[in-house]
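Engineer: So the protein lines, in turn, are chains A and B. Going letter by letter, the first sequence gives residues 0 to 287 in numbering that gives the first Met the number 0. Going letter by letter, the second sequence gives residues 0 to 218 in numbering that gives the first Met the number 0. Here it is: the structure, laid out below.
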Amino acid sequence: MPHVREVGATPHDDHDAMLVAALAAGDLAGTERDAAIALIGACAECASLHDDLQAIARATAKLPPPLPMPDRDFRISAQQAGRLRRGGWRRLLPTALGQATFTRPLGVGLATFGLIGLVVTNVSIGLSMGSAASAPEAYSTGGGGAAAAPADQNAAGSAAPDIMSGEGSAAGSVAPAASAMATPSAAPSMVSIIPKSTAATGGAGGGSEAAGSPQRSAAASSSDGRLSVAGGSGPAATAVVPPAGQEGHVVPSSGGPSVSTIRNIVFAGAILIGLALLILARQARRLS
Amino acid sequence: MLDSPRLTLAVRRDPLIVEDLRSTTVADDPVQRRDLILLERARGGDLDAFNDLVVCYQEQLFALIVRMVPDRDQAADCVQEAFFSAYRNLASFRGGIVKSWLNRIAINAAMDIQRARKRRPAQPYPELEDDSWQPPAGEEADPVHTALTTERHTVLNQAMSTITDDQRAAIVLFDVEGYDYQEIAAMTGVSLGTVKSRIHRGRLALRDRLADRMDLFRG
């Protein structure tokens with residue numbers, strides 16, 4: 000039992016009003032009840048609160064009955080019954096599925112899975128976009144031009160010597176062929192992989208300082224940030240080195256939804272199905 | 000032989016109680032038995048049986064709901080919606096007390112309507128403006144006491160309309176309607192602890208709102 004002096008030393012605002020309310024309702028037993036009794040014994044305001052709560056409970060119990068209901072017929076007509084009645088499989092859907100024990104956990108699991116998936120997917124896209132934004136000129140157009148892309152000395156090991164910038168927009172979805180990071184990119188880039196026949200030329204510089212990348216051993220960057228890659232016997236092309244931290248993946252050069260879009264759709268669908276199951280379970284619980 | 004004094008016959012003194020193994024339990028209470036019979040017939044497609052249930056419980060449901068939804072029109076809509084919902088989901092009744100089942104549906108309908116409309120009535124509890132509800136005063140009735148009682152009920156109902164819907168429902172079911180914690184938990188679909196918490200918090204909230212009028216409740 001708490002010491003009366005300890006209770007009295009603390010201000011009334013620090014006292015547990017819920018404890019007093021539970022005592023007034025007669026819901027306490029054992030040590031909790033002892034603590035509450037000590038509280039109202041030591042604090043005059045708590046004692047007053049206790050008495051007031053009991054008075055309110057007594058007054059509520061004596062509230063007058065409401066006036067009789069208005070002259071209204073709550074019976075159901077045959078037409079209303081026809082509309083309300085559901086036939087076939089729809090009648091079973093909320094009761095069978097909603098009352099199943101697995102419905103609620105499954106709904107929670109699906110919704111959580113979808114939410115986490117969406118967050119992870121789009122945060123990764125956001126990071127990719129941020130990295131791409133730091134060197135926009137390197138991806139603006141394809142072909143020639145000395146795009147002096149600023150080099151990022153902290154480039155991750157995701158160099159893409161094999162990836163060429165195409166004619167269209169190439170805003171940052173360059174990915175190494177052998178890169179393990181298949182992080183989806185939200186950039187609507189349309190790049191295609193074109194093998195390069197000429198040997199790598201140029202020296203170090205630009206954005207090719209991705210240390211540790213195995214692809215870089217076969218390539219060298221020019222001073223303007225472009226990387227010439229030795230490759231097969233195809234037409235010569237110049238690879239645009241992604242800035243540091245850029246992680247991308249190969250996207251189809253024409254048509255079709257990207258992998259990231261498909262993932263977003265899947266995760267969003269999981270959230271919707273999970274929410275639907277939770278609603279069904281809740282409806283079944285309310286009506287049973 | 001049959002007339003031997005040592006022969007004892009196995010005579011059943013009390014009639015054997017046969018357990019009814021149907022899905023809806025047969026109750027001793029005639030009211031409950033009637034409700035179950037009507038419900039079974041309604042499930043079989045008998046609309047008149049369901050409407051008989053409506054007539055039996057419409058006043059009681061309205062009296063319950065109008066305390067939680069002070070606007071009488073809203074309360075009537077809640078009761079109507081509750082009966083619609085009960086008819087639509089007759090198959091979901093899995094035994095028990097029909098009255099509790101209907102109460103549960105009605106309470107949920109009241110919560111839904113309050114959440115959907117989110118408006119306070121201009122005149123909560125209009126019956127308090129009309130003295131017809133009061134029993135005729137006896138010769139010994141004290142007008143001062145009567146006035147104080149009326150005033151107490153008025154301020155209490157006004158305070159009740161300002162607390163949250165969940166707290167109001169819990170307090171009405173417990174203090175006014177007299178249901179116990181377990182019944183309230185079953186009707187509202189929450190745990191026992193949540194019911195207690197709502198009642199305690201509701202009363203604390205009422206006390207806050209009535210802080211300057213507590214003289215009407217003391218003594």
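Backbone N, C-alpha and C define an ideal beta-carbon position, used for all residues, glycine too. For clarity, every value in this text was computed on a predicted model and none was experimentally measured.
Quick one: Cα of A/Ile270 to Cα of A/Leu276, how far?
Structural biologist: 10 Å
Engineer: Taking A/Leu83 and B/Arg87 to be in contact with their CB atoms under 8 Å, please state how far apart those CB atoms are, rounded to whole angstroms.
Structural biologist: 5 Å
Engineer: Taking just the CA atoms, how far does A/Phe112 sit from A/Ser127?
Structural biologist: 23 Å
Engineer: Cα separation between B/Thr145 and B/Val97?
Structural biologist: 38 Å
Engineer: Using a beta-carbon distance below 7 Å, is A/Ala34 in contact with chain B?
Structural biologist: no
Engineer: Since B/Ala58 is in the alpha helix (DSSP H), which residue starts that stretch and which ends it?
Structural biologist: Before going on, a small fix: residue 58 of chain B reads as Glu here, not Ala. Residues 46-67.
Engineer: Do B/Ile198 and B/Phe216 come within 7 Å of each other at the CB atom, strictly closer than that value?
Structural biologist: Contact: no.
Engineer: Residues of chain A with a CB under 8 Å from the CB of B/Arg206: which are they?
Structural biologist: Leu48, Asp51, Leu52, Ile55
Engineer: Please determine, among B/Val68, B/Cys77, B/Arg66, the residue with the shortest C-alpha to C-alpha distance to A/Arg71.
Structural biologist: B/Cys77
Engineer: Identify the contact partners of A/Arg103 in chain B, using a Cβ-Cβ distance below 7 Å as the criterion.
Structural biologist: Here the premise fails: no neighbours, minimum Cβ distance about 12 Å.
Engineer: Does the beta carbon of A/Ile39 sit closer than 7 Å to a beta carbon anywhere in chain B?
Structural biologist: For A/Ile39, the closest Cβ of chain B is not nearer than 7 Å.
Engineer: Quick check on B/Pro142: buried or exposed, where buried means 16 or more other Cβ atoms within 10 Å of its Cβ?
Structural biologist: exposed
Engineer: Return the first residue and the last residue of the alpha helix (DSSP H) that A/Ser76 is part of.
Structural biologist: A/Ser76 -> no alpha helix (DSSP H), and no H or E assigned at all.
Engineer: Please confirm if B/Tyr56 has its CB atom under 7 Å from at least one CB of chain A.
Structural biologist: no
Engineer: Could one say the Cβ of B/Lys98 lies closer than 7 Å to chain A's Cβ atoms, at least one of them?
Structural biologist: no
Engineer: Could you tell me whether the Cβ atoms of B/Ala62 and B/Val68 are closer together than 7 Å?
Structural biologist: no
Engineer: Take A/Val265 as the anchor and find which of A/Ile124, A/Thr120, A/Arg281, A/Ala283 has the nearest alpha-carbon.
Structural biologist: Answer by Cα proximity: A/Thr120.
Engineer: For a cutoff of 7 Å on Cβ pairs, would you count A/Ser139 as touching chain B?
Structural biologist: For A/Ser139, the predicted model reports a pLDDT of 48, less than 50, meaning its position is unreliable; a value from the coordinates is still stated below. By this cut-off, A/Ser139 is not an interface position.
Engineer: Any beta carbon of chain B sitting closer than 7 Å to that of A/Leu83?
Structural biologist: At least one chain B Cβ lies under 7 Å of A/Leu83.
Engineer: How about B/Ile170 and B/Gly201: do their beta carbons lie closer than 7 Å?
Structural biologist: yes
Engineer: A/Pro67 to B/Ala48, Cα distance in whole Å?
Structural biologist: One C-alpha to the other measures close to 24 Å.
Engineer: Any Cβ of chain A within less than 7 Å of the Cβ of B/Pro134?
Structural biologist: Confidence at B/Pro134 is low in this model, with a pLDDT of 49, below 50, so its placement is unreliable and the value that follows should be read with caution. Chain A, which has no Cβ nearer than 7 Å to the Cβ of B/Pro134, makes this no.
Engineer: Is any beta-carbon of chain A found at less than 7 Å from that of B/Asp130?
Structural biologist: In this prediction, B/Asp130 scores a pLDDT of 46, lower than 50, which makes its location untrustworthy; the coordinate-derived value is nonetheless stated afterwards. For B/Asp130, the answer is no, since every Cβ of chain A falls outside 7 Å of its Cβ.
Engineer: Buried or exposed: A/Leu279, going by 16 or more other Cβ atoms within 10 Å of its Cβ?
Structural biologist: Answer is buried; the Cβ neighbour count reaches 16.
Engineer: Which same chain residues, not among the five before or five after A/Ala20, have their C-beta less than 6 Å away from its C-beta?
Structural biologist: Leu52
Engineer: Using a C-beta to C-beta distance shorter than 7 Å, which residues of chain B count as neighbours of A/Pro65?
Structural biologist: Ala62, Val65, Arg66, Glu126
Engineer: Please classify A/Lys61: is it buried, with 16 or more other beta-carbons within 10 angstroms of its beta-carbon, or exposed?
Structural biologist: Exposed is the label assigned to A/Lys61, since fewer than 16 other Cβ atoms lie within 10 Å of its Cβ.
Engineer: So which residues on chain A does B/Gln222 lean against when the C-beta distance must stay under 7 Å?
Structural biologist: For chain B, the structure presents residues 0 to 218; residue 222 of chain B sits outside this window and is missing.
Engineer: Does B/His152 get closer than 7 Å to chain A when you measure Cβ to Cβ?
Structural biologist: Interface residue, yes.
Engineer: What's the gap between the Cα of A/Ile115 and the Cα of B/Asp164?
Structural biologist: If I take the Cα positions, the gap works out to 33 Å.
Engineer: Which residues mark the beginning and the end of the alpha helix (DSSP H) in which A/Ser47 is found?
Structural biologist: 43-60
Engineer: Measuring only between beta-carbons, confirm whether B/His144 sits less than 7 Å from chain A.
Structural biologist: no
Engineer: If we call anything under 7 Å between Cβ atoms a contact, is B/Ile64 one with B/Ala109?
Structural biologist: yes
Engineer: Can you have a look at A/Gln78 and say buried or exposed, based on whether 16 or more other CB atoms are within 10 angstroms of its CB?
Structural biologist: By the 16-neighbour rule on beta-carbons within 10 angstroms, A/Gln78 is exposed.
Engineer: Nearest chain B C-beta to A/Leu62 closer than 7 Å, yes or no?
Structural biologist: yes
Engineer: Between A/Ala159 and chain B, is any beta-carbon pair separated by less than 7 Å?
Structural biologist: Confidence in A/Ala159 is poor, its pLDDT being 42 and thus under 50, which makes the residue's placement unreliable; the coordinate value appears in the next sentence. With 7 Å as the cut-off, A/Ala159 does not count as an interface residue toward chain B.
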